[in-house]
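Per the numbering used here, the very first residue in the sequence shown carries number 471; after that it's consecutive. For every residue, glycine included, the Cβ atom is placed at its ideal position computed from N, Cα and C.
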Amino acid sequence: MADHRNIDGGKDNMAGQGSLLSNATLQIVPAVPLVNGFDYLAPPGDPPRRGSIVMVPLGQRLVPGIVLGPGGDEVPYHKLKAVTSVARLAPLEPAFVDFIEKMANWTMAPLGSIAKMVLSQPKALLPPPLQTVYRLPDLLEDHTKLTKARQRVTALLQDVGSLPSPDIQKLAGVSGSVITTMAQQGLLHSEQIAADPPVMLPRLDIDGAELTEDQEAAAAVLRAAIGNGYSAFLLDGVTGSGKTEVYFEAVRAALARNQQILILLPEIALTASWRERFTLRFGVAPTEWHSDLGEAGKRRAWRAVQRGDARVVVGARSALFLPFASLGLIVVDEEHEHAFKQEDQVIYHARDMAVLRARLEGCPIVLASATPSLESWFNSGMTGEPQRYQRLLLAHRVKAATMPEIIGIDLRATPPERGRWLAPPLVEAVQARLDAGEQSLLFLNRRGYAPLTLCGLCGDQVTCPNCDSWMVAHRLKGRMRCHHCGHEARPTTHCQSCGGEDSMRACGPGVERLAEEVLLRFPDARFAVLSSDTVTTPQASEVFFKSVIDGEVDIIIGTQMAAKGHHFPNLTLVGIVDADLGLAGGDLRAAERSFQMMMQVAGRAGRESRPGVAMLQTTQIANPVMTALLSGQRDAFLDSEVAARQAAAMPPFSRLAALILSAPDEQRLHEASRALALSKPHFEGVDIFGPTAAPLSFLRGKYRARVLVRAKKTVDIQTVIRSWVENVKLPSSVRLHIDIDPYSFL
Ligand code: ADP
Ligand code: ZN
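Here's what the structure looks like:
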């Protein structure tokens, strides 16, 4: 790494090395996954503060790191390496450093893995790149004697002030040498300026919609909370009740106090329409932070957040690790979304960590949802527990819009024809919408053509060589694809197992197969498939949503991508093709997740004055999830789920953690499992289940075993696990992942 010297802009800090070393030591966490803090010798002079960003040697490399505080004295000085430079950046805020430490402690992730998420943009630690611009000298000579080309340059710069050479060349139609010669002759002055454009400040003088009484009541509570320390709110409002308008009021109040605001959204696909609304309301676009942002964009955003210039940041869960200078409000929109749980590397739930950060920063946090998570419902005291979040209720849709009517279609009474998936009542309803010039959404949360392909002769199933799972047929792409590891193969018509010819059959529908049926049944309708295979970038989703709003599509066939956040004024029918789909699998949250997804997708219907209908096709019409949806008893459903969790002593009535062992070699995995089993601790109030083979016992080429630890709420589950695994020696090829509060049980 050659960059490190620029970080402090000079050699002065390097001078201390090798000569007199200061005696101070510092505890520093390098931004490198899987390491924890190390002691280093402080550079000469005033020691860097907690939160300072420094460059330190680690192995053969120089890496950025964060100063946590003074070091210990266990390691003799001469064995310590020294900090090589200190970044010319304000140290991270104390509350943020506390957050990094507390989060590591909670998730049991190594500090370095979290520091790596914080310092994810090494270039942001360097001064911004400089750019040469040209302007006219203060004393302008008579320029009528200049050549025509030179006159054009002069005229241009008289208008605009200063510009970089390529812009002048383009706008004045001159070559680069004209500009260089003019500069040499003193006809132009050159200057070095930072290339980053300034961040525009949001405007506070634009009035939002006139709030309804409910909205105003909620907004007033939030406004009053701004600037008054930590507080947490559950903004619970049906889809279309104007939650966004309400939290915009809180954003405005925080802006008025010169604070920064962080808004977390579950998916980038959502940000296009959201950004448009924000821009209308505040006159400028928010600063964005997500994985699709280029490196330069990320560097600029990181710096702007750190300087405090980026006032409103909207982003995916990783925005939680930005170095805000004065955070005054956090909003987590669609707080129930499982996309907030990160399942790889550092395993964490962004909503829960956002609450932690708000508490440490001492600012309010708003969790918004039409279908609150069971945890937030519980935390807002709705089941008689102590109230941790204040609930703000928006019970009605704004405008004339009413909630959609939800109708169940019992597939046992009115099944579709063989080989078809849409039952007669749903077909009729779609036809009626087509006749009326209104739009329909057919929802099926399954990508591709068919989830399973098998041989009609011997029953052999097409499975992934790297995983314990079916290969999904994708006919549009002409491929078979594993949805777990991404493995692809060419489809074959004859069986690999028994050699049968033309014997392979597709089983069950995916959205592509549904599209086939739509084409057959409604040949004149214009339809479009919305899934992560057909709409892959934020730009593409913007184009897609615009075409729907412009009325270019009659029938949308969509996966969960269609369930969220979008507002289609002319959509009046939602058909849930397989309402039973999410109930299988039997994990802790299957019913809750299914319910939320179907509520959300039903909420897409009838958002404006025309009433909407949602129809759900099910073979389990008496299932509690269906009865709750059909009778509109959301609160009763949540209460019964909470009661079920209590009866089973599951979270939030207990604490849960999963330990996942994985290894490329089955034998090694067995050895590791045995070692872990042999040293199983016995603690009062702690149950340990496993190790046993994971439901997906082979995934991405690795064998897997799982342990579930359940503890009473009074037990510090992290300490229990730490004391256990610290004493187990695992073979180096075996990885152990710890998932506190697991959401996935695969
Ligand atoms: P939610 O986030 O609760 O689903 P939104 O904030 O998206 O609801 O609001 C739904 C629609 O109603 C949006 O088009 C929004 O602009 C509009 N809206 C919200 N509040 C008002 C209001 N007070 N007056 C008029 N329109 C409103
Ligand atoms: Zn696979």
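Length of the line joining the Cα atoms of residue i and residue j
i, j, result
"Lys1172", "Pro935", "11 Å"
"Leu892", "Leu674", "50 Å"
"Gln591", "Pro634", "26 Å"
"Met670", "Ala755", "8 Å"
"Gly851", "Pro1008", "38 Å"
"Glu1196", "Lys572", "19 Å"
"Leu1206", "Val537", "28 Å"
"Met823", "Glu563", "17 Å"
"Asp803", "Arg520", "32 Å"
"Leu626", "Gly515", "50 Å"
"Gly907", "Pro993", "15 Å"
"Ser522", "Leu750", "38 Å"
"Ala1098", "Leu862", "22 Å"
"Arg983", "Gly1160", "40 Å"
"Arg620", "Pro597", "34 Å"
"Ser492", "Ile570", "Since pLDDT at Ser492 reaches only 47, below the 50 mark, its modelled position is unreliable, and the value read off the structure follows with that caveat. Their backbone Cα atoms lie some 28 Å apart in a straight line."
"Pro1122", "Lys1183", "8 Å"
"Leu830", "Gly798", "12 Å"
"Thr853", "Asp1211", "20 Å"
"Ala642", "Ile649", "10 Å"
"Val567", "Gly980", "46 Å"
"Gln1137", "Ser583", "29 Å"
"Thr1006", "Met587", "25 Å"
"Ala1060", "Pro1165", "15 Å"
"Pro599", "Ile733", "29 Å"
"Arg916", "Arg1104", "25 Å"
"Ile1208", "Leu1216", "14 Å"
"Phe718", "Ile1027", "32 Å"
Bridge partner(s) assigned by DSSP for residue i
i, result
"Arg751", "DSSP lists no partner for Arg751."
"Pro534", "Met525"
"Trp940", "Thr933"
"Pro1008", "Paired residue(s): none; Pro1008 is not in a bridge."
"Ser910", "Ile1025, Leu1043"
"Leu984", "BP columns for Leu984 are empty, so no partner."
"Lys1172", "Leu1169"
"Leu1058", "Answer is none; Leu1058 lacks a bridge partner."
"Cys925", "Met974"
"Gln1087", "Ile879"
"His819", "Lys811"
Residue i versus the options, residue with shortest Cα-Cα distance
i, options, result
"Gly1021", "Val1071, Gln909, Asp938, Thr923", "Gln909"
"Ala1084", "Pro874, Ile663, Met1031, Val999", "Pro874"
"Leu658", "Pro1081, Ala690, Leu616", "Leu616"
"Ile676", "Glu661, Gly712, Gly753", "Gly753"
"Glu958", "Asp972, Lys1183, Val932", "Val932"
"Pro518", "Leu559, Ser583, Gln685", "Leu559"
"Gln860", "Leu704, Val1044, Phe794, Gly889", "Leu704"
"Pro561", "Leu641, Gly929, Ser796", "Ser796"
"Lys1034", "Ala1164, Phe913, Ile1191, Asp666", "Phe913"
"Phe810", "Arg1104, Arg821, Ala687", "Arg821"
"Cys955", "Trp576, Thr872, Trp940", "Trp940"
"Ile433", "Gln639, Leu1053, Ala1072, Pro580", "For the chain, the structure presents residues 471 to 1216; residue 433 sits outside this window and is missing."
"Pro540", "Leu532, Ala1142, Ala512, Leu681", "Ala512"
"Thr1042", "Thr651, Gln901, Phe1168, Asn728", "Gln901"
Buried versus exposed call for residue i [16 or more other C-beta atoms within 10 Å across all chains shown]
i, result
"Leu609", "exposed"
"Asn483", "With a pLDDT of only 37 at Asn483, under 50, the local geometry of the prediction cannot be trusted, and the value read off the model is given with reservation. It is buried - the Cβ of Asn483 has at least 16 other Cβ atoms within 10 Å."
"Ala1113", "exposed"
"Val463", "Shown here, the chain extends from 471 to 1216; a query on residue 463 therefore has no answer."
"Met1096", "buried"
"Cys928", "exposed"
"Gln685", "buried"
"Arg1125", "buried"
"Asp509", "buried"
"Ile1187", "buried"
"Asp612", "exposed"
"Ile663", "exposed"
Count Cβ pairs between the segment 1157-1174 and the segment 1127-1141 that sit closer than 8 Å; are there 3 or more?
yes
Counting Cβ pairs closer than 8 Å, one from the segment 1199-1211 and one from the segment 1137-1151, do we hit at least three?
yes
The segment 1105-1121 / the segment 835-850 touching (three or more Cβ pairs under 8 Å):
At 8 Å Cβ cutoff, the stretches touch.
Using 8 Å as the threshold, is the segment 757-767 in touch with the segment 777-786, meaning 3 or more CB pairs across them?
yes
Do the segment 835-844 and the segment 702-713 touch if we need at least three Cβ pairs shorter than 8 Å?
yes
Does the segment 1049-1061 come into contact with the segment 1077-1091, if we say contact requires no fewer than three beta-carbon pairs (one atom in each stretch) closer than 8 Å?
Yes, since at least three Cβ pairs between the segment 1049-1061 and the segment 1077-1091 fall closer than 8 Å, the two stretches touch.
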